[in-house]
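Number of protein chains: 2
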Amino acid sequence: MKSINLKKKLASQWFRSLRNQICDEFEKLEKKISNSKIKFSKTKWKKSKSKSEGGGEICILRNGKIFEKVGVNISEVSGTFDKNFKKKIPGTEKSSKFWASGISLVAHFQNPNIPSLHFNTRFIATSKHWFGGGMDVTPCIPDKKQKKYFHNELKNTCDLHNKKYYKIHKLNCDQYFFLPHRNEARGDGGIFYDYLNTNNWEKDFLYTKDVGLVFLKIAKNIIQKKMSQKWTEKEKIKQLEKRARYVEFNLLFDRGTKFGLATGGNIDAIFMSLPPLASW
Amino acid sequence: MKSINLKKKLASQWFRSLRNQICDEFEKLEKKISNSKIKFSKTKWKKSKSKSEGGGEICILRNGKIFEKVGVNISEVSGTFDKNFKKKIPGTEKSSKFWASGISLVAHFQNPNIPSLHFNTRFIATSKHWFGGGMDVTPCIPDKKQKKYFHNELKNTCDLHNKKYYKIHKLNCDQYFFLPHRNEARGDGGIFYDYLNTNNWEKDFLYTKDVGLVFLKIAKNIIQKKMSQKWTEKEKIKQLEKRARYVEFNLLFDRGTKFGLATGGNIDAIFMSLPPLASW
């Protein structure tokens, strides 16, 4: 059995390697459509406070022909949880120490036919350890065929690992990405899981890797299918209004945003997800 | 001494009459610059739930030559406070009943030289009653002369009523309109007051009226001075980024937004303040 330190190292390495792969593929898509050499710009940040340390890298590509704004963050931080916060976290009975590493991505597109994409996975260790993550898509123009394709891909990937995963992880996603003040779902849903530890680390890691890889497959597929579709000014306005709801969700309800702000996280990393342009 | 019912009636009438005056004057400004007959559109809403009733009117003008979006709400609602909420409200020891009426306004301009403007005043009654309100301005291009003019006008108005008001009400405003996650003030400040009851209702009402009238005076003055100034694309981008911080404040911290959403308020009225376009 692997030591916890080796597990941390392998998880971190994977998130970085996935980040590189995604950024490469997205830059290739930009090159394909416009022959431009538009690249992600990378910003590193470090955190060294009394209660936590570590850092991360923010990769952002703006004003592409396909991507209006896409951000991919990786981070590795450690520290001790606040008294109030630790009550909610498994494995903190004897020590409030934690370690966390992950990747998160949000993409907003020029073409309103392409849904906004959100994906993240993470590995967290206290005296216990677990994986979490998932993805969801937010179209502004409904597309039943795309929704079916998206959920089929997710189900196929989940089923490879556990026949119960898709149903449970889809339900988590539906419950979480919901705007109560508007009584509406954020988008077409997806899958989300947390506290995943089946006592088989290799297996859980493999699932988390597959979730990352199927995200990349789905993203490329949806983008390539739609990037050349025409759109109207009216559809672009609809997209900006839909993005306003994205902002509402992220600022009013998202646990990650709240946690980040409450613990003095990196503002640029936390707000990486916010759209390049939104309209109320 | 006036009965509480008469006080409520007079306050409500004032908010409505001020709303009419402001909308008239703003429409006149639009006509002056472009000879267009662009008008506010009015939406009425009603609320009739177990715990509260009443309603209001949302007046919005969009896509003017001067105003990119300006919303002016008036409302009159009554009901009973939730157990948790009433603890924070004076005069609710024996009964959780409340009555509230007010006017609120947020204006976002085409020209990035004109600051975003925010103003509101209200009269609230439980077994006690009080006035509250104020205004603040948020420039995206700093203008020391304008800031000085703005605060001078406020001080002069405050001083007519009580020599201590300006200092206290300015401090309230500075403390409230602050973005802790960015460690920055929202804008140039202004004045805000709450729970104002000096045992002289006429006097407090007069102050609240004067705050409304000086807002209109200041708004007209700033707009007329700047509406013909040229601006660059770069300044417009800066404005959209500054507006993003306006959204962050209103969704992450504003008490009015939180209260409105938690009590099932009218979404369009609550989000009237959000900008027509913002950029992250």
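In the order they appear, the protein sequences are chains A and B. First residue of the first sequence? That's 27 in my numbering, and the numbers climb one at a time after it. First residue of the second sequence? That's 27 in my numbering, and the numbers climb one at a time after it. Note that CB positions come from ideal geometry on N, CA and C, so glycine has one too.
When you compare only the Cα positions, how much space is there between residue i and residue j?
i, j, result
"residue 187 of chain B", "residue 48 of chain B", "23 angstroms"
"residue 287 of chain A", "residue 142 of chain A", "23 angstroms"
"residue 242 of chain B", "residue 81 of chain B", "24 angstroms"
"residue 279 of chain B", "residue 284 of chain A", "11 angstroms"
"residue 248 of chain B", "residue 184 of chain B", "19 angstroms"
"residue 66 of chain B", "residue 170 of chain A", "38 angstroms"
"residue 301 of chain B", "residue 297 of chain A", "18 angstroms"
"residue 271 of chain A", "residue 277 of chain B", "11 angstroms"
"residue 212 of chain A", "residue 144 of chain A", "11 angstroms"
"residue 177 of chain A", "residue 85 of chain A", "28 angstroms"
"residue 108 of chain B", "residue 122 of chain B", "8 angstroms"
"residue 162 of chain A", "residue 173 of chain A", "11 angstroms"
"residue 156 of chain A", "residue 112 of chain A", "15 angstroms"
"residue 153 of chain A", "residue 209 of chain B", "35 angstroms"
"residue 117 of chain A", "residue 110 of chain A", "14 angstroms"
"residue 216 of chain B", "residue 239 of chain B", "15 angstroms"
"residue 307 of chain A", "residue 27 of chain B", "There is no way to answer for residue 307 of chain A, as the model of chain A reaches only from 27 to 306."
"residue 35 of chain B", "residue 292 of chain B", "22 angstroms"
"residue 42 of chain A", "residue 92 of chain B", "48 angstroms"
"residue 54 of chain B", "residue 60 of chain B", "10 angstroms"
"residue 120 of chain A", "residue 195 of chain A", "30 angstroms"
"residue 135 of chain B", "residue 160 of chain A", "40 angstroms"
"residue 289 of chain A", "residue 32 of chain B", "49 angstroms"
"residue 168 of chain A", "residue 294 of chain B", "23 angstroms"
"residue 140 of chain A", "residue 227 of chain A", "35 angstroms"
"residue 306 of chain A", "residue 269 of chain B", "11 angstroms"
"residue 147 of chain B", "residue 275 of chain B", "19 angstroms"
"residue 193 of chain A", "residue 37 of chain B", "55 angstroms"
Helix, strand or coil: how does DSSP classify residue i here?
i, result
"residue 60 of chain A", "helix"
"residue 38 of chain A", "helix"
"residue 258 of chain B", "coil"
"residue 157 of chain B", "strand"
"residue 85 of chain A", "strand"
"residue 230 of chain B", "helix"
"residue 280 of chain A", "coil"
"residue 134 of chain B", "strand"
"residue 239 of chain B", "helix"
"residue 293 of chain B", "helix"
"residue 176 of chain B", "helix"
"residue 215 of chain B", "coil"
"residue 79 of chain A", "strand"
"residue 209 of chain A", "coil"
"residue 128 of chain A", "strand"
"residue 244 of chain B", "helix"
"residue 90 of chain A", "coil"
"residue 220 of chain B", "strand"
"residue 29 of chain A", "coil"
"residue 183 of chain A", "helix"
"residue 95 of chain A", "strand"
Is it true that the CB of residue j sits closer than 9 angstroms to the CB of residue i?
i, j, result
"residue 90 of chain A", "residue 130 of chain A", "no"
"residue 214 of chain A", "residue 164 of chain A", "yes"
"residue 234 of chain A", "residue 149 of chain A", "yes"
"residue 71 of chain A", "residue 231 of chain A", "no"
"residue 58 of chain B", "residue 138 of chain B", "no"
"residue 87 of chain B", "residue 51 of chain B", "no"
"residue 198 of chain B", "residue 175 of chain B", "no"
"residue 267 of chain B", "residue 166 of chain B", "yes"
"residue 98 of chain A", "residue 45 of chain A", "yes"
"residue 83 of chain A", "residue 303 of chain A", "no"
"residue 245 of chain A", "residue 133 of chain A", "yes"
"residue 158 of chain A", "residue 221 of chain A", "yes"
When every heavy atom of the ligand SAH is checked, does at least one fall within less than 8 angstroms of the C-beta of residue i?
i, result
"residue 58 of chain A", "This structure simply doesn't include the ligand SAH, nor any ligand for that matter."
Review point. What residues in the stretch 28-51 of chain B have a beta carbon less than 7 angstroms from any beta carbon of chain A?
Key: none
**Study point:** Under 8 angstroms (Cβ pairs) to chain A, residues found in the stretch 102-115 of chain B
**Key:** none
**Study point:** Positions along the stretch 273-284 of chain A whose CB lies within less than 7 angstroms of some CB in chain B
**Key:** 273, 274, 277, 278
Point to revise | Contact between the stretch 94-111 of chain A and the stretch 124-138 of chain A (3+ Cβ pairs under 8 angstroms) | key: yes
Check your understanding: Taking a cut of 9 angstroms between CB atoms, which residues from the stretch 70-92 of chain A lie near chain C?
Key -> No chain C is present in this structure, whose protein chains are A and B.
Practice item. Residues of the stretch 206-234 of chain B with a CB closer than 9 angstroms to any CB of chain A: list them in chain order, please. Key: 206, 207, 208
Review point. Is there contact between the stretch 247-263 of chain B and the stretch 190-204 of chain B, where contact requires at least three CB pairs shorter than 8 angstroms?
Key: no
Review point. What residues from the stretch 156-183 of chain A come within 7 angstroms of chain B, judged by C-beta to C-beta, listed N to C?
Key: none
Point to revise | chain A contacts from the stretch 292-303 of chain B (Cβ-Cβ distance under 7 angstroms) | key: 293, 297, 300, 301, 302, 303
**Study point:** Residues, ordered as in the chain, of the stretch 127-141 of chain A that lie near chain B by beta-carbon distance below 7 angstroms
**Key:** none
Exercise for review: Check each residue of the stretch 241-259 of chain B: if its Cβ is closer than 8 angstroms to any Cβ of chain A, include it; give the result in chain order.
Suggested key: none
Exercise for review: With 7 angstroms as the C-beta to C-beta threshold (strictly closer), list the residues of the stretch 142-156 of chain B near chain A in chain order.
Suggested key: none
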